[in-house]
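I have placed the structure first, in the form of structure tokens, so that the comments after it can refer back to it.
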Amino acid sequence: MNKRLMFTLPLMVFLILAGYFAVGLTKDPKKLPNMLKGKPVPDFALKPIKGRDDKGFASTDLKGETSLVNIFGSWCVACQIEHPFLMKLKAEGAVPIHGIDWREEDPDAGPDWLNKHGDPYALVGDDPRSKAAIAFGVTGAPETFVVDGDGVVRFKYVGPLNADIWRDVIEPVLRQIKPPGAS
Amino acid sequence: MTAEIGHFALVLALFVAVAQASLPLIGAHRGDPGWMALAKPTAILQFALVAVAFACLTHVFVTSDFSVVNVVSNSHTDKPLLYKISGVWGNHEGSLLLWVLILAIFGAAVAVFGANLPPALKARVLSIQAMIAVGFYLFMLLTSNPFDRIFPPPLNGRGLNPLLQDPGLAIHPPMLYLGYVGFSMAFSFAIAALIEGRVDAAWARWVRPWTLAAWCFLTGGIALGSWWAYYELGWGGWWFWDPVENASFMPWLAGTALLHSSTVVEKRDTLKGWTILLAIITFSLSLLGTFLVRSGVLTSVHAFATDPTRGVFILALLVIVIGGSLALFAWRGPKLVSTGLFQPVSREGGLLFNNLVMATACAAVLLGTLYPLLLDAPGGGKVSVGPPFFNTVLIPLMIPMIAAMAVGPFLSWKRSDLMPALRRLRIALVLTIVAAIVTYAVHGDEPVLGVVALAMAVWLGTGVLTELAERIRLFRSPLSESFRRLGRLPRASWGMTIGHLGLAITIAGMAGAGAWKVESIQVMKPGDKVTVGGYEYRFTGAKAGKGPNYKFVGGQFTVSRHGREITKLTSEKRVYNVSQQPTTEAGIHTTWRGDLYAVIGDAEGSGGAFVTRLYFNPLVVWIWAGTLIMVFAGALSLTDRRHRVGAPHRKSSAVSLPGAQEA
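Protein chains in written order, with my numbering: chain A, 89 to 271; chain B, 1116 to 1778.
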């Protein structure tokens, strides 16, 4: 074999490998695995929080329309950071947001917090004993689940939502969800 | 505040590294001693700055500063101090910081101890080291800053992956990195040699201690990782051909080849291009190891970070470092002239054979590791290549190599004869055949590979001892003469003898544990007895308890043989408070014949019954005993006189060369 060719061979082999790596990188979007993803929401029925005289919030309320389920608490600082963005979402009316008021020791704390900062939620359930939160596999607040019209969990986001995450992460998920009844 | 100091030190280190990467290199090109001399202070300063950054990160971990993202994600106030410290490198960002710290340590070591190096070579080597460092600083500062703050700070952290909370694993990554990064020295010397256009005996002797040290650390690191997998994962296995394990095994194979080929360069002034290529490949594989683990291109049980942006950055880094050095090799390599000629049957020929086998084995492991990726890239779907592939490819490669390993040291340089060498090995051959027959008589021909592997171990071991006996003229001259010769053997040749002996012991362990492992899985109630590999395991029951940051169920076993109690084994199944992730602690009793190994699984029903896994792993401890001996042999060789007295002077001083014009 030609000597120069022999010395160039390692470079060529490497460049081919690098090409494969480049393709491999584009093929591997890693998302947080979520046990519930693609499964129906767990059954739950929560009482309303104080001051809201509606029926509370139950898993059966999630049928019929794509919605977000947001885990929050008046004790959670990051939820306060997230809150103005949820208010903006409500104003835009893109998708109904339901809240699970998680682990409140004082039954007045949640309602007071919503009175003070505004209430972005269509339905709110009170979950002081973490019944729903455990069923959802919540690891911390805030956490947001995207649930489609069939009541199936399509996505879970851990941490406060903001405009960037909404545009890059949540909206693509919403676009994938077909409206119920459509083929 | 500490985090900011660390961050700032890291930025400063980047600037110092940029200076170190450029000024001495330019100085060496122009023949300007003043600029070349900058290599030493910049290398030392760079080391000092990274050391400060590392100390800062350690401080925020030890004090549990939860305003730092890295601490939140990887630490917890309940964690024992040792694991708070090991948490520093038990994550993506921190392990990179450890990586550059070690890189800087090696650089500073060359700066301080490399007084006998020609200034131009030293300047170039340190500049190339700094170039690698610049790449890693940029990677950290742009994509993986270990000092990022979080607002609002949470009350507590998420804890370290419980599997990693183990003393063995606390020191495993630093050992492995000392090996990986240590090969950067061989790489830098190789690139400097390509730039200068000369590779000679002096060069080979300068590189050797660094390569040897890196090899020792890597060998130790791999052994430690395998030992950890053995006692912590609770499957009774010691090697899983997992991509992360392969990532450390590939540089080991290439590095071992490099160690052998560089002796040919040193002694016989030939195989130069090949040795340079091996140095580049060994370090490239070390980088690839980092890439495979970190980028998410291949996933595995112990991958720390998966993030495409980081992946793209690492890929760019790899293309620049590896592609750049291979391009330089393609351009300058043909100009390296080898003078030593040799016949196929000769010491050189034997070492070249070793190199070819090592390189082929390395390529096979690379192929097996990347195969899922190669198939997936054009859309072939996801597959995984399991142990069968590696075993089928590697075992047939290793058998002829070990057969040759016993013969090689009998061959003389340049030209030799096979028959006299084989005649001197006739006792070893007889012993090997006896060993094979005995093994066959005890175990039958199931599996035949076990018999062959054990025989190969005996062949190598007896061959090495025969060579030692020949060398000191044992039984041919008076015993006092033999002892005198024994005392005068250079430490490098002791290194070879002991190192090869260590490998023989490791192979025996692999043969035993691979071929005759006995395994039994069943449900046991307290009082139940099961016999495994001739040992009777009695389950005496389980009880629950609490550790510092976990709860556990501990199962007790009493093991006896021929009615005589040998030991009590305790296996724990732990669940860590923070992550709720379960881990197993196997109960192990080690003997030279084999390990008694018991693992308790999940409770079965409410009657105190548990799923248990019981193993007898024959000779398994020999695997690690052998590797330990290999590490010792490497260290012994490192103290050889020729490394201490310094290298011979070159015929002409490289300082006077304006750049690389001589080539």
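Where a beta carbon is used, it is the ideal one built from N, C-alpha and C, also for glycine.
DSSP beta-bridge partners of residue i
i	result
residue 1671(B)	1656(B) and 1685(B)
residue 56(A)	Nothing can be reported for residue 56(A): it is not among the residues displayed for chain A, which extend from 89 to 271.
residue 244(A)	233(A)
residue 1216(B)	Note: residue 1216(B) sits in no beta bridge, so no partner.
residue 190(A)	215(A)
residue 1728(B)	1636(B) and 1714(B)
residue 1704(B)	1711(B)
residue 158(A)	187(A) and 232(A)
residue 1521(B)	According to DSSP, residue 1521(B) bridges with nothing at all.
residue 1183(B)	1264(B)
residue 146(A)	133(A)
Beta-carbon gap between residue i and residue j smaller than 8 Å
i	j	result
residue 1596(B)	residue 1730(B)	no
residue 1742(B)	residue 1621(B)	yes
residue 1477(B)	residue 1394(B)	no
residue 1758(B)	residue 1383(B)	no
residue 188(A)	residue 178(A)	no
residue 1639(B)	residue 1727(B)	yes
residue 1568(B)	residue 1519(B)	no
residue 1213(B)	residue 1289(B)	yes
residue 1373(B)	residue 1326(B)	yes
residue 1272(B)	residue 1201(B)	no
residue 1521(B)	residue 1579(B)	yes
residue 1184(B)	residue 1264(B)	yes
residue 1247(B)	residue 1188(B)	no
residue 1090(B)	residue 1361(B)	In the structure displayed, chain B extends from 1116 to 1778; residue 1090(B) sits before or after that span and is not available.
residue 1165(B)	residue 1226(B)	no
residue 1161(B)	residue 1132(B)	yes
residue 1129(B)	residue 1249(B)	yes
residue 1745(B)	residue 1618(B)	yes
residue 1526(B)	residue 1462(B)	yes
residue 234(A)	residue 127(A)	no
residue 1428(B)	residue 1258(B)	yes
residue 1451(B)	residue 1387(B)	yes
residue 1353(B)	residue 1341(B)	yes
Cutoff 8 Å: residue i Cβ touching any chain A Cβ
i	result
residue 1444(B)	yes
residue 1267(B)	yes
residue 1697(B)	no
residue 1448(B)	yes
residue 1415(B)	With a pLDDT of 36 at residue 1415(B), under the threshold of 50, the predicted position of this residue should be treated as unreliable, though the coordinate-derived value follows. Closer than 8 Å: no.
residue 1441(B)	yes
residue 1430(B)	yes
residue 1412(B)	Reliability of the predicted coordinates at residue 1412(B) is poor, the pLDDT of 48 falling under 50, and the value obtained from them is presented with this limitation in mind. Yes - at least one Cβ of chain A is within 8 Å of the one on residue 1412(B).
Chain B residues whose Cβ lies nearer than 8 Å to that of residue i
i	result
residue 96(A)	1445
Interface residues of chain B facing residue i [CB-CB closer than 9 Å]
i	result
residue 263(A)	Chain B residues near residue 263(A): none, gap ~21 Å exceeds 9 Å.
Cβ of residue i within 8 Å of any chain B Cβ
i	result
residue 232(A)	no
residue 92(A)	yes
residue 235(A)	no
residue 229(A)	no
residue 166(A)	yes
residue 99(A)	yes
residue 125(A)	no
7 Å Cβ cut-off: residues of chain A touching residue i
i	result
residue 1437(B)	102
residue 1388(B)	95
residue 1392(B)	98
Chain A residues whose Cβ lies nearer than 8 Å to that of residue i
i	result
residue 1433(B)	106 and 109
Any non-hydrogen atom of the ligand PLP closer than 7 Å to residue i Cβ
i	result
residue 1253(B)	You won't find the ligand PLP in this model; it holds no ligand whatsoever.
Residue i: contacting residues in chain A (beta-carbon distance under 9 Å)
i	result
residue 1270(B)	Those do not exist, as residue 1270(B) stays about 10 Å from chain A at its closest Cβ, beyond 9 Å.
Three or more C-beta pairs below 8 Å linking the stretch 159-172 of chain A and the stretch 133-142 of chain A: no
Quick test of the definition: if touching needs 3 or more C-beta pairs under 8 Å, does the stretch 234-253 of chain A touch the stretch 1135-1146 of chain B? no
For the stretch 1708-1720 of chain B and the stretch 1657-1677 of chain B, state whether three or more C-beta atom pairs, one from each stretch, are separated by less than 8 Å. At 8 Å Cβ cutoff, the stretches touch.
Would you call the stretch 1742-1751 of chain B and the stretch 1329-1349 of chain B touching, i.e. three or more CB-CB distances under 8 Å? Yes, the stretch 1742-1751 of chain B is in contact with the stretch 1329-1349 of chain B.
Check whether the stretch 1428-1441 of chain B touches the stretch 1344-1351 of chain B, counting contact only when three or more Cβ pairs, one atom from each stretch, lie closer than 8 Å. The answer is no - the stretch 1344-1351 of chain B does not touch the stretch 1428-1441 of chain B, with fewer than three Cβ pairs under 8 Å.
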